[in-house]
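Q:
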Amino acid sequence: MLRLLLFTLILCMLVACTVPPPPPPQPTPLVDTVDPEEYALFSAMIEQNVVGYQQEGSVVILGQTTPDIDSLELALEGPLKPPKELEEAYRLRNGQPYKLEANFTLKRGHQLIARSEYDELLRSGNASWEDFHAKHPQARGVYVLSRAGLSPARDEALVSIGYYCGSLCAEGGVFWMVKEDGVWKVKEELVVWMA
204 MLRLLLFTLI
214 LCMLVACTVP
224 PPPPPQPTPL
234 VDTVDPEEYA
244 LFSAMIEQNV
254 VGYQQEGSVV
264 ILGQTTPDID
274 SLELALEGPL
284 KPPKELEEAY
294 RLRNGQPYKL
304 EANFTLKRGH
314 QLIARSEYDE
324 LLRSGNASWE
334 DFHAKHPQAR
344 GVYVLSRAGL
354 SPARDEALVS
364 IGYYCGSLCA
374 EGGVFWMVKE
384 DGVWKVKEEL
394 VVWMA
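Each residue of the sequence shown is one higher than the last, beginning at 204 in this note's numbering.
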């Protein structure tokens, strides 16, 4: 009986030693496409005019996201602390710029412009803004968006939005958004800037 017990114990130890360890936890996968919920969020922010001076007319949006980690860092130094999961989701989605599609749900006309056109506006000053207004007469400026750090329940988010309308005409910030009754609304302005 003792031999059988010893044999069973040795066999169990051998089996335990040959079973490979569980794989290490996988990092959260990079979210490489802009989520439809992000477009709904972006559209709500533009329609609610959380930044910018454009109440009507068509909307021009930079055709790629702009990671705004510096503004996030500034926001996190403030007194209001969003949930850590939102901060992590924001960082995960804003490691690089992403191409935006025309998937906005705005009630007014909108178009995306190329990064090169936007960069020329910022580089060349007032002359380029005059050209911009001639090319886009119904728009006063350009919206620039980060990716949104969405909560797992997809009912809270952190997002940076900027509005540029001239060489000394700009406004933006990092916003903690909440979805209530199917509508995205500002919960807190974490950091706001103007030029």
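No residue lacks a Cβ here, since even glycine has one placed at the ideal position from N, Cα and C.
No experiment lies behind these values; they were computed from the predicted model shown.
(1) Between Tyr293 and Gly352, how many whole angstroms is the CB-CB distance? I'm expecting something under 8 Å.
(2) Check Ser363 in the structure and name its three-state DSSP category.
(3) Excluding the 5 residues preceding and the 5 following Val386 in the sequence, name in chain order all residues of the same chain whose CB lies nearer than 6 Å to its CB.
(4) I need the DSSP call for Ala470, collapsed to helix, strand or coil.
(5) For Tyr366 versus Gly255, is the C-beta spacing smaller than 7 Å?
(6) Please classify Thr308 as buried or exposed, where buried requires at least 16 other C-beta atoms within 10 Å of its C-beta.
(7) Identify, in the order they occur along the chain, each residue of the same chain with its Cβ nearer than 7 Å to the Cβ of Val389, setting aside the five sequence neighbours on each side.
(8) Along the chain, where does the beta strand (DSSP E) containing Glu304 start, and where does it finish?
(9) Does DSSP put Tyr346 in a helix, a strand or coil?
(10) Can you give the beta carbon distance from Leu279 to Glu291, rounded, assuming they're within the 8 Å contact cut?
(11) Run through DSSP, which three-state label would Pro226 get?
(12) Give the straight-line distance between the Cα atoms of Gly266 and Pro282, rounded to the nearest whole angstrom.
(13) Considering only DSSP beta bridges, list what Ile249 is partnered with.
(14) Compare the Cα-Cα distances from Thr236 to each of Ala373, Met248, Pro286 and Arg350 and report the closest residue.
(15) Are the CB atoms of Ser319 and Val394 nearer to each other than 7 Å?
(16) Just reading off the beta strand (DSSP E) that Leu289 is part of, what are its end residues?
(17) Which residues share a DSSP beta bridge with Trp332?
A: For this structure:
(1) On the sequence shown, residue 293 is found 90 positions in, with the first residue counted as 1. On the sequence shown, residue 352 is found 149 positions in, with the first residue counted as 1. That pair is a contact at about 3 Å.
(2) On the sequence shown, residue 363 is found 160 positions in, with the first residue counted as 1. Three-state result, Ser363: strand.
(3) Numbered from 1 along the sequence shown, position 183 holds the residue referred to as residue 386. There are no such residues.
(4) The question about residue 470 has no answer, for the chain in this structure spans 204 to 398.
(5) Taking the sequence shown and counting its residues from 1, one reaches residue 366 at position 163. Taking the sequence shown and counting its residues from 1, one reaches residue 255 at position 52. Closer than 7 Å, so yes.
(6) Along the sequence shown, one-based indexing puts residue 308 at 105. Thr308 is classed as exposed because its beta carbon has fewer than 16 other beta carbons within 10 Å across all chains shown.
(7) The residue you call residue 389 lines up with position 186 of the sequence shown. Val253, Phe378 and Met380.
(8) Indexing the sequence shown from 1 puts residue 304 at position 101. Per DSSP, Glu304 belongs to no beta strand (DSSP E) and is neither H nor E.
(9) In the sequence shown, residue 346 corresponds to position 143, counting from 1. In the three-state scheme derived from DSSP, where H, G and I count as helix and E and B as strand, Tyr346 is classed as strand.
(10) For the purposes of this step, residue 279 is identified with residue 76 of the sequence shown, where counting begins at 1. For the purposes of this step, residue 291 is identified with residue 88 of the sequence shown, where counting begins at 1. No, Leu279 and Glu291 are not in contact; Cβ-Cβ is about 12 Å, not under 8 Å.
(11) Walking along the sequence shown from the start, residue 226 turns up at place 23. With a pLDDT of only 48 at Pro226, under 50, the local geometry of the prediction cannot be trusted, and no value is derived from it.
(12) Looking up residue 266 in the sequence shown gives position 63. Looking up residue 282 in the sequence shown gives position 79. Using only the alpha carbons, I get a separation of about 33 Å.
(13) Residue mapping note: residue 249 aligns to position 46 of the sequence shown, counting from 1. DSSP lists no partner for Ile249.
(14) Here residue 236 corresponds to residue number 33 of the sequence shown, with the count starting at 1. Comparing alpha-carbon positions, the option among Ala373, Met248, Pro286 and Arg350 lying closest to Thr236 turns out to be Arg350.
(15) Position 116 of the sequence shown, counted from the start, is the residue given in the question as residue 319. Position 191 of the sequence shown, counted from the start, is the residue given in the question as residue 394. Not closer than 7 Å, so no.
(16) The residue labelled residue 289 in the question sits at position 86 within the sequence shown. Per DSSP, Leu289 lies in no beta strand (DSSP E) segment; the continuous alpha helix (DSSP H) that holds it begins and ends at Lys287 to Arg296.
(17) Within the sequence shown, residue 332 is the residue found at index 129, counting from 1. Looking at the DSSP assignment, Trp332 forms no beta bridge with any residue, so it has no partner.
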